[in-house]
Amino acid sequence: MYAQESIDLLSKSGIDFRKNEEFGIDALHFGELLTDSGLVLFKDVRWVSFHSGYDFGYLLKLLTCDSLPEDEDSFFDILHTFFPGIFDIKYMIRSCRMLKGGLQDVADDLEVPRIGPQHQAGSDSLLTAMTFFRMREKYFENCIDEPKYLGHLFGLGSHIFQSSQPTNA
29 MYAQESIDLL SKSGIDFRKN EEFGIDALHF GELLTDSGLV LFKDVRWVSF HSGYDFGYLL
89 KLLTCDSLPE DEDSFFDILH TFFPGIFDIK YMIRSCRMLK GGLQDVADDL EVPRIGPQHQ
149 AGSDSLLTAM TFFRMREKYF ENCIDEPKYL GHLFGLGSHI FQSSQPTNA
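Reminder that position 151 of the sequence shown reads as 179 in our numbering, one-by-one numbering, no gaps.
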């Protein structure tokens, strides 16, 4: 199951789905590698994302080899197990006057330059990270209030993961 509109957008951005099918890594094998990487299941690892509910849903399917839960509470329970440290910029900008829109809009407003083509994983990931750090500096005095922002995903519930104090994440 996929959204044709998303496939078309990615194809126009240079993604070659046939080449990925032939030469890409098997999704289940990727899930195994991610599990062994040290990037999941550890509370000290921080993930920086932008409007990432679908992204983390897909990763959870790979990591669990199972369907996603049918209710948000169960989804967040599993999410917190694998990804206990998520910041979603789209959620965080609700507290930042003058910031709105998509990732590129927010990056432009913060004068963060893009390196590489839009809708490519490397370029989008780098822009997300650089935007987060610029936003943290400009709007959060280099200290994110984890109890307020950690664990929220824009557009999903009101769930939050508790943390004891602000961080320099």
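Ideal Cβ positions, reconstructed from N, Cα and C, are used throughout, including at glycine. All figures in this text were calculated on a predicted structure; none of them were measured in a lab.
### Query
Is DSSP giving Leu184 helix, strand or coil here?
strand
### Message
Rounded to whole angstroms, what is the Cα-Cα separation between His108 and Ser77?
### Response
15 Å
### Task
Compute the Euclidean distance between the alpha carbons of Arg142 and Leu154, then round it to the nearest angstrom.
8 Å
### Query
Going by alpha carbons, who is nearest to His57 out of Glu33, Cys93, Ile43?
Cys93
### Where the beta strand (DSSP E) containing Asp116 begins and where it ends
Segment 114-116, the beta strand (DSSP E) holding Asp116.
### Query
Counting only runs that start and end within the region 44-104, where is the beta strand (DSSP E) found for 3 or more residues in a row?
As far as the region 44-104 is concerned, its whole beta strand (DSSP E) runs of at least 3 residues are 75-77.
### Task
Please look up how many angstroms separate the CB atoms of Leu90 and Leu69, rounded, as I've assumed it's under 8 Å.
Their Cβ separation, rounded to whole angstroms, is 14 Å, which puts Leu90 and Leu69 out of contact at 8 Å.
### Query
Can you name, in chain order, every residue of its own chain whose Cβ lies under 6 Å from the Cβ of Gln193, other than the five neighbours on each side?
At Gln193 the pLDDT is 45, less than 50, meaning the model places this residue with poor confidence and gives no usable figure here.
### Query
With distances taken between CB atoms, is the gap from Phe160 to Ile117 smaller than 7 Å?
yes
### Message
If you follow the alpha helix (DSSP H) that Ala157 is in, where does it begin and where does it stop?
### Response
149-167
### Message
Using 7 Å as the threshold, is the C-beta distance between Asn170 and Arg164 below it?
### Response
Their beta carbons are under 7 Å apart, which means Asn170 touches Arg164 by this criterion.
### Message
Given a cut-off of 7 Å on the beta-carbon distance, is the pair Tyr177 and Phe115 in contact?
### Response
yes
### Message
What does the alpha-carbon distance come out to for the pair Leu181 and Gln32?
### Response
24 Å
### Query
Any idea what DSSP makes of Ile143, helix, strand or coil?
It is coil, neither helix nor strand.
### Given Glu174 as reference, the closest of Gly81, Asp152, Trp75, Val134 once Cα atoms are compared
Trp75
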